[in-house]
Amino acid sequence: MATQDDVRRIALSLPGAQESPEGFAFTVPHKGRPKGFVWAWRERVHPRKPRIPSSAVVAVRVADLSEKGFVLAMDERKFFTEPHYDGYPAVLVRLAEVSADELEQLIVSSWRCLAPRELAAALDGEGGRRRERTHDGR
């Protein structure tokens, strides 16, 4: 079972990653601007009221809608989406259903979607300890 502490630890260990002062969200510089790669899902608890950040679910950026479909098909207990994310390359992850290792793979992959080449090279220069694994775990 992963936690928000795991999310923070993993995200902030990546080169250039920063925690947003505006809530539980993590960004990386992308074309001169901070772009989110993992953030707290904001759940609609009551109709017509603002969404509330969830401590149990995070949104994780994926490369494209194809990858989104692939991740969603892997395990519906772990990964889901909602209409708000239709057409957007991100999946929602239930932290209680994923291990810290699975979460790390997702977050590193998410970060790589947006990180500039020099930051990705810095990560790879750490001995490749965080190279992405294929979706089948290899």
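In terms of the working numbering, the sequence shown opens at residue 98 and continues consecutively. For each residue, glycine too, the CB sits at the ideal point set by N, CA and C. These numbers were taken from a predicted model, which means no experiment stands behind them.
Quick one: measure Cβ to Cβ for I204 and V157, integer angstroms, because I've assumed they're closer than 8 Å. As a working note, residue 204 is residue 107 in the sequence shown. As a working note, residue 157 is residue 60 in the sequence shown. 7 Å between Cβ atoms; contact.
In the DSSP assignment, what are the bridge partners of I149? Position 52 of the sequence shown, counted from the first residue, corresponds to residue 149. DSSP, once it has assigned bridges, lists E140 as partnering I149.
Under a Cβ-count criterion, where at least 16 other Cβ atoms within 10 Å of its own Cβ denotes burial, should V142 be classed as buried or exposed? Stepping through the sequence shown from its first residue, residue 142 is reached at position 45. Its Cβ having fewer than 16 others within 10 Å, V142 is exposed.
For my contact list, F121 and Q101 are in at a C-beta cut-off of 8 Å; report their separation, rounded to the angstrom. Position 24 of the sequence shown, counted from the first residue, corresponds to residue 121. Position 4 of the sequence shown, counted from the first residue, corresponds to residue 101. Rounded, the Cβ-Cβ distance is 6 Å, consistent with contact.
What residue does the alpha helix (DSSP H) around G209 start on, and which one ends it? Taking the sequence shown and counting its residues from 1, the one referred to as residue 209 is at position 112. The sequence shown places Arg at residue 209, not Gly. DSSP places R209 inside the alpha helix (DSSP H), whose first and last residues are 197-211.
Hey, would you say E119 sits closer than 8 Å to L109, going by beta carbons? One-based indexing of the sequence shown puts residue 119 at position 22. One-based indexing of the sequence shown puts residue 109 at position 12. For E119 and L109, no; Cβs fall outside 8 Å.
Is there contact here, the region 143-162 with the region 173-191, by at least three beta-carbon pairs under 8 Å? Result yes; three or more Cβ-Cβ pairs closer than 8 Å.
Three-state secondary structure (DSSP) of K165: Numbered from 1 along the sequence shown, position 68 holds the residue referred to as residue 165. Three-state DSSP puts K165 in a helix.
By a C-beta neighbour count over all protein chains shown, 10 Å radius and 16 as the cutoff for buried, is L216 buried or exposed? Walking along the sequence shown from the start, residue 216 turns up at place 119. Classification of L216: buried, given that the 10 Å Cβ count is 16 or more.
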